[in-house]
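Notes for the one structure printed next.
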Amino acid sequence: MAAAEEVMMLSLVGLGLWDEQDITLRGLQEARGADLVFLESYTSRLMGLNKKRLEELIEKEVKEADREFIESGRVLEHAGEKRVCVLVGGDPMVATTHADLVLRAKERGIPVRIVHNASIYSAVCETGLQAYKFGRSATIVFWEDNYKPTSFYDVMVKNKELGLHTLFFLDLRAHENRFMTVREALQELLEISAERKDGLFTPRTRVVAVSRLGSPEQRIAYGVVEKIMTDDLPPLSVIIVPGKLHPVEKEFLESLL
Ligand SMILES: C[S@@+](CC[C@H](N)C(=O)[O-])C[C@H]1O[C@@H](n2cnc3c(N)ncnc32)[C@H](O)[C@@H]1O
Numbered sequence: 500m501a502a503a504e505e506v507m508m509l510s511l512v513g514l515g516l517w518d519e520q521d522i523t524l525r526g527l528q529e530a531r532g533a534d535l536v537f538l539e540s541y542t543s544r545l546m547g548l549n550k551k552r553l554e555e556l557i558e559k560e561v562k563e564a565d566r567e568f569i570e571s572g573r574v575l576e577h578a579g580e581k582r583v584c585v586l587v588g589g590d591p592m593v594a595t596t597h598a599d600l601v602l603r604a605k606e607r608g609i610p611v612r613i614v615h616n617a618s619i620y621s622a623v624c625e626t627g628l629q630a631y632k633f634g635r636s637a638t639i640v641f642w643e644d645n646y647k648p649t650s651f652y653d654v655m656v657k658n659k660e661l662g663l664h665t666l667f668f669l670d671l672r673a674h675e676n677r678f679m680t681v682r683e684a685l686q687e688l689l690e691i692s693a694e695r696k697d698g699l700f701t702p703r704t705r706v707v708a709v710s711r712l713g714s715p716e717q718r719i720a721y722g723v724v725e726k727i728m729t730d731d732l733p734p735l736s737v738i739i740v741p742g743k744l745h746p747v748e749k750e751f752l753e754s755l756l
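Under my numbering, the first residue of the sequence shown carries the number 500, and numbering increases by one thereafter.
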């Protein structure tokens, strides 16, 4: 059934990687057909997005939806009465919180439609690293004075044992306009390794840092940690710690040096 014929509906529409131009034609159609359009702004942030231009494209107002609005189920109260479209950076299903939202909508008998888009998960293959050779990913989180989790580091250790690449997302607090930089993230990894004296992550370790992928300003930097740390890579960024490299992956990365 077409969106316009549904009375209640939740659609999750991916926005892709950079700005309002990355929405797909199908996503645009879905948003235009909705009664209410929200922009989910806490799992990711499109750094190039201009909300006014997005509203012009969609031909209606776009309201910001914070974590509380989505996770408390308030968004579903609207979707139980109207056609609600939630716009999400990247692909909407690459975030556990949205899978949960889909389940809760189904429980309430609300039809759900997903419109996929490019995700950072697959876009990182522009580094030449093969998608099937990545292990678990993890997020490097902001450390506080009394809160310094290290579980993300353990993910890398396990992946390394298996020869797999590790994709690290970097923490963000969109409501505070705070985005972790590559330098801050590398610093945390260095500190954990130094503390554990495991020699697994040192200033000489080779990593890939990827910033603003999918934008005209994108940067892919490969090299040793101490060199990457001198570079001011703008957020949003990810860091990849390569595992065992296939000769083609190696050749590709070395072409970036
Ligand atoms: C939860 S993930 C985004 C998931 C999103 N749904 C997707 O499919 O791309 C958010 C993290 O991905 C990374 N990220 C998102 N977009 C990026 C981009 N264009 N370039 C580099 N890193 C990006 C950042 O580390 C950010 O904190």
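Built from N, CA and C at the ideal position, the CB exists for glycine as well.
Check your understanding: Fully enclosed by the stretch 525 to 592, which alpha helix (DSSP H) runs are 4 residues long or longer?
Key -> 550 to 557, 566 to 570 and 573 to 578
**Study point:** L685 vs S710 beta-carbon contact at 7 Å
**Key:** no
Point to revise | C-alpha distance - C624 paired with G588, whole-angstrom precision | key: 18 Å
Point to revise | Residues near R682 in its chain [Cβ-Cβ closer than 7 Å; skip 5 each side] | key: M728
Exercise for review: May I ask you to report which of helix, strand or coil DSSP gives E716?
Suggested key: coil
**Study point:** With 16 other Cβ atoms within 10 Å as the buried cut-off, status of T595
**Key:** exposed
Review point. What does a CB cutoff of less than 6 Å around A503 pick up in its chain, not counting 5 residues either side in sequence?
Key: Unreliable placement is indicated for A503, whose pLDDT of 45 sits below 50; no coordinate value is reported for it.
Review point. Do V561 and L535 have their CB atoms nearer than 7 Å?
Key: no
Check your understanding: Taking Cβ to Cβ, would you say A530 is nearer than 7 Å to C584?
Key -> yes
**Study point:** H674 versus D518 - alpha carbon distance
**Key:** 18 Å
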